[in-house]
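Structure first, commentary second.
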Amino acid sequence: MFNSSAFNWSSSAKNISENNQTAWRFHSERSSLTVWFATFVAFSLFGILTNGILFSVIIRSRALRSGAGLLILHVLANGFVENAVHNPIHGILIYGDNVWFVRPHGICTYVHVLMGFTQFANNWAEASLAVNRLVAVIFPFAYKVWSTRKVTGMMIVLSWLISVASYLPNCFGVGGQFYATEQGQCTVQIFNKFGSFLVAVAVYVPYGIVGIITVFLFLFMYVRGFGGYRGRGAPWRPGSQQDVLYRRRLTVTNMLLMSFLFDVMCAVPLPIFLASFPSVYAGNPLLRLWLRSCLALQYPITPVMTSHILKTVSYLLHMSALSGDSVRVQ
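Right under this line is the structure:
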């Protein structure tokens with residue numbers, strides 16, 4: 001679930017907004033703002049539900065927690081926090097600032113940096129999950145060591161360290177600075193190459209890692225993997241250890257691919273409007289908020305995709321139990 005909304009592409013967007021002479025009229029467009037706010041809150045509630053339910057299902061199942069399970073739990077936990085804490089605060093600040101209260105001065109530094117930490121840690125959490133899948137499929141004999149709690153814990157901690165290191169400098173005006181747009185939306189302005197480098201580390205590098213690994217695994221599993229696995233030794237029987245392992249890897253690879261494609265669909269509209277229709281983007285504050293909502297939609301929808309994968313995994317575990325095989329699912 002990759003999200004570059006914390007930067008909001010604002011290094012150029014702020015300049016566009018400052019040059020735009022159209023006055024912000026949220027008070028006269030309160031009904032439109034209310035519709036946006038209600039929709040944004042609905043997305044958050046749906047995300048709390050989907051991430052929370054899936055988290056509780058996985059954490060209570062020893063089999064589902066094995067292998068990539070802990071990394072998936074980390075992604076779900078990030079999604080839950082994003083929907084339960086950061087998105088509601090973000091929406092309330094915008095709606096409240098234009099309807100019933102004055103936004104406290106400097107609050108964006110505190111609110112937005114925490115949102116950024118979660119979003120960018122989630123980017124690297126998904127990159128860690130992709131690397132985990134790569135090892136499981138390409139280097140299965142090394143996977144037992146790679147999937148230990150110690151290694152998994154180090155990957156989770158590393159994702160947060162990278163996130164903090166790439167976003168904290170903005171709190172001190174190094175590489176960028178936080179500010180609030182005219183409609184009350186907290187964001188950060190990037191104003192030098194170092195700031196752009198931090199953006200790349202937090203967003204584009206993990207995004208690229210997931211994209212490359214996902215496409216490679218998809219091709220490997222469907223073009224080479226099937227023949228490679230099935231061509232070794234005796235034919236598999238349904239529900240055998242080899243069959244369960246292969247199908248588990250295949251289903252998780254599908255999850256990565258679907259999640260990646262959906263993230264791209266959610267993230268593409270914002271840069272398209274900014275690059276191709278800058279005047280439209282600058283002159284329509286509500287459009288900016290809806291584009292932000294499109295980015296936020298990643299967090300509640302991705303768990304729905306994951307739930308379909310887990311149903312398949314649970315079925316495979318059941319088949320393995322019926323066949324009498326004991327398997328540690330990867």
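Just so you know, this note's numbering puts the end of the sequence shown at 330, numbered straight through with nothing missing.
By construction, the Cβ of each residue, glycine as well, lies at the ideal position given by its N, Cα and C atoms.
Around the C-beta of M255, 16 or more other C-beta atoms lie within 10 Å, and the residue is accordingly described as buried.
Pairing N123 with V203 gives a Cβ-Cβ distance under 8 Å.
With contacts defined by Cβ atoms closer than 8 Å, G211 and F260 form a contacting pair. Between Y222 and V201, the alpha-carbon positions lie close to 31 Å from each other.
Exclusion of the five residues before and after A77 leaves F55 as the residues of its chain whose Cβ lies within less than 7 Å of its Cβ.
DSSP, reduced to helix, strand and coil, places Q298 within a helical segment of the structure shown. Runs of the beta strand (DSSP E) spanning 3 or more residues and lying entirely within the region 168-192 occur at 176-180 and 186-190, in chain order.
For the pair V137 and F262, the CB atoms are not nearer than the 8 Å cut-off. In this structure, the alpha-carbon of L64 lies about 10 Å from that of L73. Nearest C-alpha to M115 among F80, Y95 and P140: F80. Burial is judged here by how many other beta carbons sit within 10 angstroms of a residue's own beta carbon; I156 has at least 16 and is buried.
F191 is positioned such that its CB atom lies no closer than 8 Å to that of C108. Taking C-alpha positions only, P206 is separated from Q298 by approximately 16 Å.
Rounded to whole angstroms, the gap between the alpha carbons of F197 and W160 is 17 Å. Within the region 27-74, there are no complete beta strand (DSSP E) runs of at least 3 residues. Note on Y143: 16 or more other CB atoms within 10 angstroms of its CB, so buried under the neighbour-count rule. In terms of CA proximity to L70, M154 leads the group I162, M154, I92 and A180.
P303 is positioned such that its CB atom lies closer than 8 Å to that of T50. Taken through DSSP and simplified to helix, strand or coil, F139 comes out as coil.
Shown here, P104 sits in coil according to DSSP, grouped into three states, outside any helix or strand. Around V280, the same chain offers no residue with a beta carbon nearer than 6 Å, after the five sequence neighbours per side are excluded.
Where T214 is concerned, the enclosing alpha helix (DSSP H) starts and stops at V205 to L219. DSSP, reduced to helix, strand and coil, places T152 within a helical segment of the structure shown.
Per the coordinates, the alpha-carbon of G106 lies some 13 Å from the alpha-carbon of G173.
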